[in-house]
Amino acid sequence: MTTEQTVETRSFQTEVNQLLQLMIHSLYTNKEIFLRELISNASDACDRLRFSALTDEQLLENSNELSLHISFNEKDRTVSVRDNGIGMAKAEVIDNIGTIARSGTRQFLDSLSGDQSADTPLIGQFGVGFYSVFLVAEKVELLTRKAGQEPETGVRWTSDGSGEYTIENTTRVERGTEITLHLRKEDKEFSEGYRLRNIIGKYSDHISLPIKMLSSDEKRKEEWETVNKGAALWSRPKTEITEEEYKQFYTNISYDSEAPLVTLHNRVEGNLEYISLLFIPSKAPFDLWDREQRHGINLYVRRIFILDDAKYLMPSYLRFVRGVVDAADLPLNVSREFLQNNKNIDRIRTASVKKVLNELKRIAENDPDTYAQFWKEFGKVLKEGMVEDQENQKPLAKLLRFCTTHDDEETQTVSLADYVKRMPMKQKGIYFVTAESYAAASSSPHLEIFRKNNIEVLLLTDPVDEWLVTSLSNYEEKSLKSIAKGALDLDEFTSDDQKKAAEEKGKDLAGLVEKIKAVLGDRVKEVRVSHRLTDSPACLVADEHDLGGNLERILQAMGQDAPDAKPIMEINADHPLIKQLAPEHERLEEWSMVLFDQAALSEGARLSEPAAYVKRVNDLLARASLLTT
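Using the working numbering, read the sequence shown as starting at 61 and increasing by one per residue.
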């Protein structure tokens with residue numbers, strides 16, 4: 061039976077064409093990376109075949125040995141990478157190479173900064189490393205056949221990277237994929253055997269799949285020999301691994317050009333046997349806030365790749381951790397359903413989390429500068445753990461860092477232990493205020509009485525902080541208290557005379573308070589004399605069990621409905637403006653509205669009627685000007 065060979069010419073997806081041009085002309089300065097990408101893809105193809113064959117042995121086609129062959133021809137300037145893995149059907153070739161829409165090419169292009177060194181690692185993270193072949197090749201030919209299918213279903217794909225490719229059916233006896241690169245003249249070095257061996261040793265020595273090349277020995281030049289060590293790095297003793305080897309392995313799995321901040325290599329033996337090799341990056345990856353990202357921790361069973369869905373091995377708040385876990389006691393045909401309900405996976409996950417947190421604790425205690433670097437990159441994500449991971453709340457709480465009024469610096473450096481250590485003996489709680497920015501938090505009118513009494517306050521400005529304080533109710537038996545919610549209780553810092561004077565002021569202003577409440581109507585739940593203001597005329601606070609204003613605004617920005625809770629307005633009895641007001645003041649309505657709007661603005665809220673506010677202020681200013689002339 062012969063195959064009808066119909067050659068189709070197709071155009072690359074627009075984004076792919078843009079990507080090709082960027083890669084050829086801009087991004088990669090290290091051209092040798094193309095071989096690493098091809099070897100990695102070939103290894104993955106063999107792993108997928110090995111995995112699929114567990115349930116369908118016919119896919120092996122009576123050939124159990126999986127390997128990768130690299131050949132070259134200096135005269136013709138060609139280099140070929142051939143594997144006998146899973147292969148691709150025609151539709152898969154079109155989908156995986158012609159369009160790659162699912163790989164996020166558009167997002168990739170939008171993420172580029174224009175800085176070569178910064179942009180290069182993004183390629184691998186988006187899974188578009190195949191296109192690095194066009195860094196060195198003027199033409200690329202791909203031959204492939206899906207394992208288990210007839211020879212007549214083979215596919216030939218060719219392109220010069222200029223915007224189009226051709227694809228046709230062909231007869232291919234061997235399963236798997238062969239990619240042949242026709243090199244540019246200036247890149248002919250990559251058709252030299254010693255150069256290719258050097259690249260393999262540098263980037264792919266750990267690949268467990270045998271990488272074979274023709275012998276460099278003249279007497280055995282027709283023999284294929286394995287050129288990689290084939291030992292998974294994580295399976296080797298730590299004493300035999302250099303820092304450079306760890307770094308190179310980390311680069312291979314993360315596509316991060318910088319050395320990792322932390323390396324954790326752990327072998328567990330006993331009832332449960334596994335090896336973990338985990339890395340904490342020095343810099344946050346570009347997709348840190350994509351909670352659905354799958355890459356991170358790769359799961360192996362006895363050195364056979366299973367899946368790269370990190371959520372089974374590391375919680376979401378540690379999604380920046382990269383590495384591998386190789387388990388000896390799991391079946392090779394594990395499913396995601398199996399992983400979700402497997403006690404051994406749970407034990408590995410629990411132990412891995414504790415390992416990471418203990419290492420972070422050690423760094424925080426012994427190397428504050430390094431921990432400060434970590435917190436700058438990953439602190440916001442780690443805070444999510446306070447909400448998600450009740451089991452590890454205590455160790456996580458010790459790792460938290462905040463801004464406070466102690467030093468009034470925007471950098472988050474203060475631990476809860478630091479705060480408690482500085483607390484006066486008579487202070488009962490840990491005080492905090494939340495706001496959308498450091499500037500808003502540090503200038504909040506709610507801080508006034510605390511600054512006057514030298515009471516330290518945590519300045520919480522990350523959106524996750526609103527949920528953090530609901531989960532972390534206390535630290536070392538000290539309860540966390542919002543200074544912008546409920547009636548302020550600072551009895552431990554207030555003398556009897558001060559309490560008596562405050563009561564008298566409250567009685568004196570009872571009529572004014574009542575009248576202001578009548579003016580504001582349903583805008584407020586209550587109006588009362590403040591015990592927290594020293595400089596501002598008024599502020600807004602939330603009732604003890606209501607949502608704070610900042611959390612309400614965050615929920616609204618997320619498109620979520622927030623309970624319609626009314627704020628409480630507090631007025632400063634000692635402020636000159638309040639002293640001039642009385643229940644019968646002719647402009648009390650305007651002043652009440654202005655005070656309310658100013659209090660809202662001071663805590664970062666948006667006015668519902670800004671034009672009306674401006675008009676009231678202008679009218680009051682105009683009247684004051686007339687009185688002085």
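All C-beta atoms, glycine included, are put in the ideal place defined by N, C-alpha and C.
Alpha-carbon to alpha-carbon, residue j and residue i
{"i": "Thr-302", "j": "Glu-508", "result": "55 Å"}
{"i": "Pro-636", "j": "Asn-514", "result": "24 Å"}
{"i": "Asn-678", "j": "Glu-444", "result": "45 Å"}
{"i": "Asp-427", "j": "Ile-154", "result": "51 Å"}
{"i": "Ser-251", "j": "Lys-150", "result": "29 Å"}
{"i": "Tyr-315", "j": "Ala-105", "result": "19 Å"}
{"i": "Glu-152", "j": "Phe-72", "result": "15 Å"}
{"i": "Arg-683", "j": "Glu-649", "result": "15 Å"}
{"i": "Trp-349", "j": "Glu-448", "result": "16 Å"}
{"i": "Thr-180", "j": "Asn-258", "result": "Because Thr-180 carries a pLDDT of 44, less than 50, the predicted location of this residue cannot be relied on, and no value is offered for it."}
{"i": "Leu-655", "j": "Met-629", "result": "9 Å"}
{"i": "Glu-121", "j": "Arg-110", "result": "12 Å"}
{"i": "Phe-438", "j": "Thr-473", "result": "13 Å"}
{"i": "Glu-68", "j": "Thr-230", "result": "13 Å"}
{"i": "Lys-577", "j": "Asp-568", "result": "16 Å"}
{"i": "Ala-113", "j": "Val-361", "result": "15 Å"}
{"i": "Gln-453", "j": "Ser-295", "result": "32 Å"}
{"i": "Ala-642", "j": "Arg-588", "result": "15 Å"}
{"i": "Ile-631", "j": "Leu-528", "result": "30 Å"}
{"i": "Glu-425", "j": "Ile-638", "result": "50 Å"}
{"i": "His-129", "j": "Glu-282", "result": "13 Å"}
{"i": "Ile-157", "j": "Ser-192", "result": "12 Å"}
{"i": "Gly-581", "j": "Pro-345", "result": "50 Å"}
{"i": "Thr-464", "j": "Lys-415", "result": "30 Å"}
{"i": "Pro-391", "j": "Lys-298", "result": "26 Å"}
{"i": "Arg-676", "j": "Pro-627", "result": "21 Å"}
{"i": "Lys-245", "j": "Asp-107", "result": "35 Å"}
{"i": "Ala-432", "j": "Thr-471", "result": "9 Å"}
{"i": "Leu-680", "j": "Ser-590", "result": "24 Å"}
From the options, residue whose alpha carbon lies closest to that of residue i
{"i": "Glu-198", "options": "Gly-221, Glu-212 and Val-601", "result": "Gly-221"}
{"i": "Asn-124", "options": "Gln-450, Leu-569, Val-200 and Arg-235", "result": "Arg-235"}
{"i": "Glu-646", "options": "Ser-662, Val-579 and Leu-593", "result": "Val-579"}
{"i": "Gly-196", "options": "Arg-482, Phe-111, Phe-462 and Ser-140", "result": "Reading off the sequence, residue 196 comes out as Val, not Gly. Comparing Cα positions, the closest option is Ser-140."}
{"i": "Asp-17", "options": "Ser-100, Glu-92 and Glu-152", "result": "Shown here, the chain extends from 61 to 689; a query on residue 17 therefore has no answer."}
{"i": "Ala-625", "options": "Ile-259, Asn-156, Val-584 and Leu-655", "result": "Val-584"}
{"i": "Val-674", "options": "Glu-663, Gly-664, Ala-684 and Gln-658", "result": "Gln-658"}
{"i": "Lys-512", "options": "Arg-592, Trp-217 and Arg-108", "result": "Arg-592"}
{"i": "Arg-96", "options": "Pro-391, Asp-265, Lys-415 and Met-374", "result": "Asp-265"}
{"i": "Glu-564", "options": "Ala-633, Leu-332, Ala-671 and Val-233", "result": "Ala-633"}
{"i": "Pro-484", "options": "Pro-505, Phe-510, Ser-504 and Ser-275", "result": "Phe-510"}
{"i": "Thr-240", "options": "Val-322, Lys-403, Thr-213 and Asp-136", "result": "Asp-136"}
{"i": "Glu-693", "options": "Ser-131, Thr-464, Lys-440 and Ala-544", "result": "In the structure displayed, the chain extends from 61 to 689; residue 693 sits before or after that span and is not available."}
{"i": "Tyr-479", "options": "Arg-422, Gly-261 and Ser-539", "result": "Ser-539"}
{"i": "Leu-324", "options": "Lys-279, Val-385, Leu-332 and Pro-375", "result": "Val-385"}
{"i": "Glu-249", "options": "Asn-358, Glu-134 and Lys-206", "result": "Glu-134"}
{"i": "Ser-288", "options": "Ser-276, Ser-268, Glu-300 and Leu-274", "result": "According to the sequence provided, residue 288 is Asn. The question's Ser does not apply to it. Here the closest residue by C-alpha is Ser-268."}
{"i": "Leu-293", "options": "Tyr-306, Ala-672, Thr-286 and Ser-103", "result": "Tyr-306"}
{"i": "Glu-228", "options": "Gln-118, Gln-209, Lys-421 and Leu-203", "result": "Leu-203"}
{"i": "Val-381", "options": "Leu-417, Asn-401 and Pro-211", "result": "Leu-417"}
{"i": "Thr-494", "options": "Glu-526, Glu-470, Pro-505 and Glu-304", "result": "Glu-526"}
{"i": "Ala-102", "options": "Ile-93, Thr-115, Gln-118 and Ile-146", "result": "Ile-146"}
{"i": "Asp-247", "options": "Glu-644, Ser-275, Thr-138 and Ile-366", "result": "Thr-138"}
{"i": "Val-322", "options": "Ser-596, Gly-383, Pro-391 and Glu-669", "result": "Gly-383"}
{"i": "Asn-90", "options": "Tyr-263, Val-215 and Thr-218", "result": "Tyr-263"}
{"i": "Ser-542", "options": "Gly-261, Ser-596, Lys-560 and Val-601", "result": "Val-601"}
{"i": "Asp-116", "options": "Glu-92, Ile-93, Ala-388 and Gln-209", "result": "Gln-209"}
{"i": "Leu-274", "options": "His-506, Gln-450, Asn-404 and Phe-132", "result": "Phe-132"}
Opposing strand residues paired with residue i [DSSP bridges]
{"i": "Asp-143", "result": "Leu-128 and Thr-237"}
{"i": "Ser-336", "result": "Asn-326 and Val-385"}
{"i": "Trp-527", "result": "DSSP, once it has assigned bridges, lists no residue as partnering Trp-527."}
{"i": "Asn-133", "result": "Thr-138"}
{"i": "Glu-586", "result": "Ile-628"}
{"i": "Lys-538", "result": "Tyr-535"}
Cβ of residue i within 8 Å of any chain C Cβ
{"i": "Ser-100", "result": "The chain inventory of the structure shown lacks chain C, comprising one protein chain alone."}
request  = Determine, using beta-carbon pairs with one atom in the region 333 to 353 and one in the region 304 to 319, whether at least three such pairs fall under 8 Å.
outcome  = yes
task = Check whether the region 473 to 493 touches the region 535 to 546, taking contact to mean three or more Cβ pairs, one atom from each stretch, closer than 8 Å.
result = yes
key: Three-pair Cβ contact test at 8 Å for the region 253 to 270 versus the region 206 to 223   = no
ask   = Three or more beta-carbon pairs under 8 Å between the region 516 to 523 and the region 493 to 504, yes or no?
value = yes
key: Whole alpha helix (DSSP H) elements within the region 219 to 291, 4-residue minimum   = 253 to 263
query = Can you list the alpha helix (DSSP H) stretches of 4 or more residues lying completely in the region 396 to 472, in chain order?
reply = 396 to 400, 403 to 426, 428 to 448 and 453 to 459
query = What are the uninterrupted segments assigned as alpha helix (DSSP H) that are 4 or more residues long and contained completely in the region 625 to 668, given in chain order?
reply = Within the region 625 to 668, the complete alpha helix (DSSP H) runs of at least 4 residues are 636 to 639 and 648 to 662.
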